[in-house]
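Enquirer: One structure, as structure tokens, below. Some questions next.
Numbering (the working numbering), first residue to last: 21 to 237.
In structure tokens, the structure reads:
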């Protein structure tokens, strides 16, 4: 699979772990790669990779989308689910290629999503046969849960973070996802950023860094 992505090399020039950023609806990989600059100071052996979603966003011509959103672009639920499954399969193939190319193990790879990117990470991560090191999701929600339950092959640890004033994705999505994932016996941490809308705040990023440090040990 050919994927357009940017990468930020580890400070040490030795790749022991990889963080893959998954951007939100209408954005691109570069939108999150700047976070890698902040994290790399504390994770010197980590390669940061930020792919663009493969499809131009219908609502934002300069950005990309991982899958359609019926409420926003008029697509059907069937179309959206079909595209979600397709991109899940192709992205996991690309992650496999990345693991092999960079000579790391699945447990050394972490997914870091924002908004729609979080939705994709929570759906594709558990479908992998070998558990990833972990999944970090900001401002997203758990989608297509009935289908996911039938496809779970591994249970990576998960950290979910949400602003309590998010007008785009309801803050209630956080406790709903935590409840569902714990019922499925996932290890789940969560954090609420007070006074934060649809974005990544310093306190949330600090929680993400702590999670990465814990799981990379």
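Note that CB positions come from ideal geometry on N, CA and C, so glycine has one too. Given the structure is predicted, the values throughout are model-derived calculations rather than measurements.
1. Near residue 144, which residues of its chain fall below 7 Å by C-beta distance, leaving aside the five closest residues on each side in sequence?
2. Okay, do the region 37-45 and the region 129-146 touch, 3+ Cβ pairs below 8 Å being the bar?
3. I'd like to check one pair, residue 153 with residue 179: are the Cβ atoms closer than 9 Å?
4. Closest by CA to residue 182, which one among 225, 68, 105 and 34?
5. Could you check what DSSP says for residue 178 in three-state terms: helix, strand or coil?
6. Check whether the region 47-67 and the region 219-236 are in contact - that is, three or more C-beta pairs closer than 8 Å.
7. With a threshold of 8 Å, are at least 3 pairs of Cβ atoms found where one atom belongs to the region 206-223 and the other to the region 66-86?
8. Do you know whose CA, among 123, 204, 49 and 70, lies nearest residue 165's CA?
9. Check whether the Cβ atoms of residue 163 and residue 184 lie closer than 9 Å to each other.
10. Would you check if the distance between the CB atom of residue 44 and the CB atom of residue 159 is smaller than 9 Å?
11. Are the beta-carbon atoms belonging to residue 26 and residue 50 less than 9 Å from one another?
12. Look up residue 26 in the DSSP assignment and give the residues it is bridged to.
13. Look at the alpha carbon of residue 192 and the alpha carbon of residue 97, and state the distance between them as a whole number of angstroms.
14. In angstroms with no decimal places, state the Cα-to-Cα distance between residue 237 and residue 175.
15. When the distance is taken between beta carbons, is residue 52 closer than 9 Å to residue 104?
16. Within 9 Å of any Cβ in chain B, is that where the Cβ of residue 53 sits?
17. So residue 86 and residue 136 are in contact, right, with Cβ under 8 Å, and what is the actual spacing, rounded?
18. Which ranges would you report for the alpha helix (DSSP H) in the region 113-145 if only whole runs of at least 4 residues count?
19. Are the beta-carbon atoms of residue 198 and residue 208 separated by less than 9 Å?
20. So, with DSSP's three-state summary, where would you put residue 107?
Expert: Well, looking at it:
1. 108, 111 and 112
2. yes
3. no
4. 225
5. strand
6. yes
7. no
8. 204
9. no
10. yes
11. yes
12. 70
13. 22 Å
14. 18 Å
15. no
16. No chain B appears in this structure, which consists of one protein chain only.
17. 5 Å
18. 136-144
19. yes
20. helix
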